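Structure record follows, encoded as structure tokens.
There are 2 protein chains.
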Amino acid sequence: MRNLQGRLDLCSINTATLGHREPISLTIERIARAGFGGIAPWRREIESADIAQVARQIKTSGLAVTGYCRSTALPAATPAEFNANVDANRAALRDAATLNAQCFVMVTGGLAAQSRDLPGARSQVTEGIAMLLETARDCGVPLAIEPLHPMYAADRAVVNTLEQALAICRAVDAANTGYVGVAIDAYHCWWDPALAHAIGTAGREKRILAYHTCDWLRDTRDMLLDRGMMGDGVIDLPALRQSVETAGYDGLIEVEIFSAQNWWQRDPDHVLATCAERLQTLC
Amino acid sequence: MRNLQGRLDLCSINTATLGHREPISLTIERIARAGFGGIAPWRREIESADIAQVARQIKTSGLAVTGYCRSTALPAATPAEFNANVDANRAALRDAATLNAQCFVMVTGGLAAQSRDLPGARSQVTEGIAMLLETARDCGVPLAIEPLHPMYAADRAVVNTLEQALAICRAVDAANTGYVGVAIDAYHCWWDPALAHAIGTAGREKRILAYHTCDWLRDTRDMLLDRGMMGDGVIDLPALRQSVETAGYDGLIEVEIFSAQNWWQRDPDHVLATCAERLQTLC
Chain A
47 MRNLQGRLDL CSINTATLGH REPISLTIER IARAGFGGIA PWRREIESAD IAQVARQIKT
107 SGLAVTGYCR STALPAATPA EFNANVDANR AALRDAATLN AQCFVMVTGG LAAQSRDLPG
167 ARSQVTEGIA MLLETARDCG VPLAIEPLHP MYAADRAVVN TLEQALAICR AVDAANTGYV
227 GVAIDAYHCW WDPALAHAIG TAGREKRILA YHTCDWLRDT RDMLLDRGMM GDGVIDLPAL
287 RQSVETAGYD GLIEVEIFSA QNWWQRDPDH VLATCAERLQ TLC
Chain B
47 MRNLQGRLDL CSINTATLGH REPISLTIER IARAGFGGIA PWRREIESAD IAQVARQIKT
107 SGLAVTGYCR STALPAATPA EFNANVDANR AALRDAATLN AQCFVMVTGG LAAQSRDLPG
167 ARSQVTEGIA MLLETARDCG VPLAIEPLHP MYAADRAVVN TLEQALAICR AVDAANTGYV
227 GVAIDAYHCW WDPALAHAIG TAGREKRILA YHTCDWLRDT RDMLLDRGMM GDGVIDLPAL
287 RQSVETAGYD GLIEVEIFSA QNWWQRDPDH VLATCAERLQ TLC
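Protein chains in written order, with my numbering: chain A, 47 to 329; chain B, 47 to 329.
Written out as structure tokens, the structure reads:
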């Protein structure tokens with residue numbers, strides 16, 4: 047496993063970690079100044095800004111873009127809505143290319159409104175990703191399917207385990223073109239009894255496109271916005287990173303913390319300094 | 047699949063559904079009067095009462111005991127604590143026998159205090175269940191391992207998928223004596239992409255000891271106490287029961303709803319009437 051001490055160049059900050067409280071230009075500045083090697087911005091920040099200028103600033107700052115967050119939900123109640131969702135993702139993929147993003151993060155979407163058809167939603171996800179693959183190749187930006195924690199199966203993502211994400215990769219890209227893979231997020235996957243096996247498989251298939259870290263708080267108070275800073279929770283983060291790197295992952299380690307009542311209330315530079323310290327000592 | 051219309055004798059009420067607001071004697075009375083065929087009481091109700099009298103009342107009421115809730119958490123920081131946990135479960139198993147319970151529900155426990163050792167906790171669970179098997183056989187009460195939703199992996203149960211529970215069954219009881227199996231709860235398992243396969247396996251191995259129902263609310267507000275009444279959420283309950291019964295399960299359908307802000311605020315007889323109606327029409 048790589049030693050992260052003194053290697054913040056191997057670490058990236060997902061802008062959600064700072065709570066999206068400031069303009070993207072200032073966020074880029076802070077992250078670069080703190081010494082990180084990468085950034086993962088969100089569409090909400092990019093689509094409301096001058097994307098060419100943002101791309102230039104990121105490049106000038108020497109930051110890699112470890113991912114562009116994130117896909118429009120795919121499952122839909124009607125074919126027209128489904129196609130619109132796919133098209134929205136095509137547009138976002140072009141922006142991801144402009145940003146020179148290493149991947150486009152696919153949070154696949156939950157059940158369509160009023161629907162109880164989980165297998166149907168999962169089929170739509172596979173179909174939608176298959177439809178996006180050509181655009182991904184044209185743009186030179188791989189699709190990173192991010193399995194989300196099962197507690198989000200209803201409303202955010204019907205892809206809930208790494209093995210399931212890998213099965214979708216195989217279904218849409220049997221030839222393994224490099225344009226569809228997975229984003230492994232410690233928060234979403236840490237509990238999975240089949241995780242070690244799935245990480246090994248993902249590595250052998252060369253599908254690991256991103257690795258996200260944060261921590262699971264034992265007394266989680268909110269299902270969405272109460273993620274922990276690395277070291278404050280129960281995940282054995284060094285063991286997890288070791289398994290991901292042993293499987294061949296050599297990309298950046300990206301911090302992504304949603305924390306409305308704690309970290310999003312704090313000074314952004316303090317948050318970044320804490321991330322830096324924890325990454326180097328506890329991850 | 048069995049038709050539940052007019053067949054409340056095939057349905058059971060877990061007493062948690064009524065919020066544990068009344069003495070167990072009154073709860074038994076209400077559940078029997080509403081026409082249900084079974085009850086699943088909790089240790090908190092039984093251990094504070096005259097258990098022989100409770101057992102007599104349940105028997106006289108004609109109710110089956112579809113499960114006794116629930117095991118003391120197994121994972122522990124010290125061997126002494128671990129052995130105390132196992133012993134507490136032995137005592138509870140004897141009470142389960144007195145109650146003539148069809149199974150003892152094993153909610154296995156989360157990580158030990160201050161621990162990040164998930165594989166270690168899982169090993170302790172397997173070890174503890176192996177140690178309890180003889181007592182279960184002596185008492186004539188099978189152990190029903192209940193995989194809990196992954197959002198409880200830290201604090202409530204490190205067994206989080208049906209396949210994982212089945213693997214423990216095989217590890218401790220390769221001979222398949224009938225004294226260790228699984229409790230399948232719709233709330234905990236509905237999201238699992240491998241569920242249909244695991245239910246089939248569980249059926250072939252004759253390990254399905256209980257089936258619990260309720261619903262997952264799309265806008266769940268609390269990770270523990272916001273379960274939905276059947277029909278109010280997103281789970282395809284008829285499809286799930288069909289798969290469980292196709293796999294050979296012919297026991298009762300047990301309703302278990304934790305709902306602090308909604309159903310626990312309502313009149314118990316109204317809650318039972320609602321359960322009865324939903325069971326017969328939507329499950």
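By construction, the Cβ of each residue, glycine as well, lies at the ideal position given by its N, Cα and C atoms. All of these numbers come straight from a predicted model, not from anything done at the bench.
Could one say the Cβ of residue i lies closer than 8 Å to chain B's Cβ atoms, at least one of them?
{"i": "D228 of chain A", "result": "A quick correction: the sequence has Val, not Asp, at residue 228 of chain A. Chain B contact via Cβ: absent."}
{"i": "M269 of chain A", "result": "yes"}
{"i": "P121 of chain A", "result": "no"}
{"i": "D3 of chain A", "result": "It is not possible to answer for residue 3 of chain A, since the shown part of chain A is limited to 47 through 329."}
{"i": "A248 of chain A", "result": "no"}
{"i": "L325 of chain A", "result": "no"}
{"i": "T266 of chain A", "result": "yes"}
{"i": "L157 of chain A", "result": "yes"}
{"i": "L164 of chain A", "result": "yes"}
{"i": "D141 of chain A", "result": "no"}
{"i": "A306 of chain A", "result": "no"}
In whole angstroms, give me the CA-to-CA distance for residue i and residue j.
{"i": "D231 of chain B", "j": "M177 of chain B", "result": "25 Å"}
{"i": "V132 of chain B", "j": "Y295 of chain B", "result": "29 Å"}
{"i": "I299 of chain A", "j": "A322 of chain A", "result": "11 Å"}
{"i": "H234 of chain A", "j": "H195 of chain A", "result": "4 Å"}
{"i": "A122 of chain A", "j": "E93 of chain A", "result": "23 Å"}
{"i": "L286 of chain A", "j": "D163 of chain B", "result": "12 Å"}
{"i": "I70 of chain B", "j": "G279 of chain B", "result": "29 Å"}
{"i": "K105 of chain B", "j": "E291 of chain B", "result": "26 Å"}
{"i": "L255 of chain B", "j": "L318 of chain A", "result": "50 Å"}
{"i": "L145 of chain A", "j": "M269 of chain B", "result": "37 Å"}
{"i": "E68 of chain B", "j": "E91 of chain B", "result": "9 Å"}
{"i": "V218 of chain B", "j": "T172 of chain B", "result": "7 Å"}
{"i": "L72 of chain B", "j": "A147 of chain B", "result": "19 Å"}
{"i": "S161 of chain B", "j": "Q51 of chain B", "result": "48 Å"}
{"i": "L56 of chain B", "j": "T112 of chain B", "result": "10 Å"}
{"i": "V187 of chain A", "j": "G227 of chain A", "result": "11 Å"}
{"i": "W236 of chain B", "j": "T259 of chain B", "result": "10 Å"}
{"i": "A95 of chain A", "j": "D313 of chain B", "result": "54 Å"}
{"i": "G297 of chain A", "j": "A126 of chain A", "result": "37 Å"}
{"i": "S107 of chain B", "j": "I74 of chain B", "result": "8 Å"}
{"i": "Q170 of chain A", "j": "L120 of chain A", "result": "7 Å"}
When DSSP builds the beta bridges, which residues end up paired with residue i?
{"i": "E300 of chain B", "result": "B:S58 and B:H258"}
{"i": "W88 of chain A", "result": "A:C115"}
{"i": "L189 of chain A", "result": "A:F150 and A:V226"}
{"i": "D219 of chain A", "result": "Looking at the DSSP assignment, D219 of chain A forms no beta bridge with any residue, so it has no partner."}
{"i": "D272 of chain A", "result": "A:S305"}
{"i": "A203 of chain A", "result": "A:G155"}
{"i": "A110 of chain A", "result": "A:G84"}
{"i": "D278 of chain B", "result": "Answer is none; D278 of chain B lacks a bridge partner."}
{"i": "D96 of chain A", "result": "Answer is none; D96 of chain A lacks a bridge partner."}
{"i": "D238 of chain A", "result": "Note: D238 of chain A sits in no beta bridge, so no partner."}
{"i": "D231 of chain B", "result": "B:H258"}
Would you give the residue range spanned by the alpha helix (DSSP H) that residue i belongs to?
{"i": "F128 of chain B", "result": "P125 to T144"}
{"i": "L241 of chain A", "result": "L241 to R250"}
{"i": "V317 of chain B", "result": "P314 to L328"}
{"i": "A78 of chain A", "result": "I70 to R79"}
{"i": "A285 of chain A", "result": "L283 to T292"}
Using a Cβ-Cβ distance under 8 Å, would residue i count as near chain A?
{"i": "H195 of chain B", "result": "yes"}
{"i": "P87 of chain B", "result": "no"}
{"i": "V171 of chain B", "result": "no"}
{"i": "L286 of chain B", "result": "no"}
{"i": "I92 of chain B", "result": "no"}
{"i": "N206 of chain B", "result": "yes"}
{"i": "V280 of chain B", "result": "yes"}
{"i": "Q210 of chain B", "result": "yes"}
{"i": "D96 of chain B", "result": "no"}
{"i": "W310 of chain B", "result": "no"}
For residue i, report the span of its beta strand (DSSP E) as first-last.
{"i": "L178 of chain A", "result": "Careful: L178 of chain A lies outside any beta strand (DSSP E), inside the alpha helix (DSSP H) at L164 to C185."}
At a threshold of 7 Å, does residue i count as lining the ligand GDP (C-beta to nearest heavy atom)?
{"i": "T61 of chain A", "result": "Among the ligands in the structure shown, none appear at all, so the ligand GDP cannot be discussed."}
*Touch test, the region 47 to 66 of chain A against the region 291 to 309 of chain A, Cβ-Cβ under 8 Å, three pairs minimum*: Touching, per the Cβ criterion.
*Indicate whether the contact test is met: 3 or more Cβ pairs, each with one atom in the region 201 to 212 of chain A and one in the region 150 to 164 of chain A, closer than 8 Å.*
Result yes; three or more Cβ-Cβ pairs closer than 8 Å.
*Pairing CB atoms from the region 162 to 177 of chain A with CB atoms from the region 240 to 250 of chain A, are three or more of them under 8 Å?*
No: the two stretches stay apart, fewer than three of their Cβ pairs being nearer than 8 Å.
*Mind the definition here: the region 116 to 133 of chain A touches the region 68 to 83 of chain A only if three or more C-beta pairs lie below 8 Å; say whether that holds.*
When C-beta atoms of the region 116 to 133 of chain A are compared with those of the region 68 to 83 of chain A, fewer than three pairs fall below 8 Å, so the two segments do not count as touching.
*asked:* If contact is defined by three or more beta carbon pairs under 8 Å, each pair taking one atom from either stretch, is the region 271 to 287 of chain A in contact with the region 308 to 324 of chain A?
replied: Segments in contact, yes.
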